[in-house]
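Peer 1:
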Amino acid sequence: MKLELHWSPRQVPLSVEGCLAEGESAQRLRRNLVRREATSRNKFRAVEIAEGVLLFGPDLPWVEGLVYLGRVGSLYLPTLWQPNLPGEWLEARLKYFGDPPWALLPSGKVIGLSQAEVLL
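Take the sequence shown: its position 11, counting from 1, is numbered 11 in this note's numbering, and each next residue is one higher.
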């Protein structure tokens, strides 16, 4: 039996713990963070990916085009979408992609976050 991953809208959004910025949104997010650096005491963890940046921490900036993420176990998922498969099943499969935590997106993209670094 083959199980396929499908996504559906969440009835109740997850609490925001991170965000994904790709393309132009990633450039805007980086500029926003540089401006905030002088006045902010917040520490963010970030992971650079080929298409953009993942950012985690308190008081995340608002930038048009971001995908906000919430955490369920070892998974960061879009706050407005939920997978049809149980988190335990997904985590078991994602161990092939490295150590947790991971970001899992409806596009099928999986991003390992165990190497997140302090950005600011």
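All C-beta atoms in this analysis are idealised placements derived from N, C-alpha and C, irrespective of residue type, glycine included.
(1) Per DSSP, what kind of secondary structure is residue 88 in: helix, strand or coil?
(2) Spell out the partners DSSP gives residue 8 in its beta bridges.
(3) Using the C-alpha atoms, what's the distance from residue 2 back to residue 18?
(4) Can you give the Cα-Cα distance for residue 69 and residue 35, rounded to whole angstroms?
(5) What are the partner residues of residue 68, as DSSP defines its beta bridges?
(6) Is it right to say residue 23 is buried, meaning 16 or more other beta carbons lie within 10 angstroms of its own, or is it exposed?
(7) For a test of the three-state rule: what should DSSP assign to residue 97, helix, strand or coil?
(8) Would you identify the three-state DSSP class for residue 63, choosing helix, strand or coil?
(9) Which residues in the same chain as residue 71 place their Cβ atom closer than 6 Å to its Cβ, once the five residues preceding and following it in sequence are excluded?
(10) If we count the other Cβ atoms within 10 Å of its Cβ and call it buried at 16 or more, is residue 5 buried or exposed?
Peer 2: On the basis of the coordinates in this document:
(1) DSSP places residue 88 in helix when its eight states are reduced to three.
(2) In the DSSP output, where bridge partners are listed per residue, residue 8 has 82.
(3) Cα-Cα distance, rounded: 31 Å.
(4) Going by the C-alpha atoms only, they are around 23 Å apart.
(5) 19, per the DSSP bridge assignment.
(6) With fewer than 16 Cβ atoms within 10 Å of its Cβ, residue 23 is classed as exposed.
(7) Helix at residue 97.
(8) Coil, per DSSP.
(9) Counting only Cβ-Cβ distances below 6 Å, and skipping sequence neighbours, we find 17.
(10) Counting other Cβ atoms within 10 Å of its Cβ, residue 5 stays below 16 and is therefore classed as exposed.
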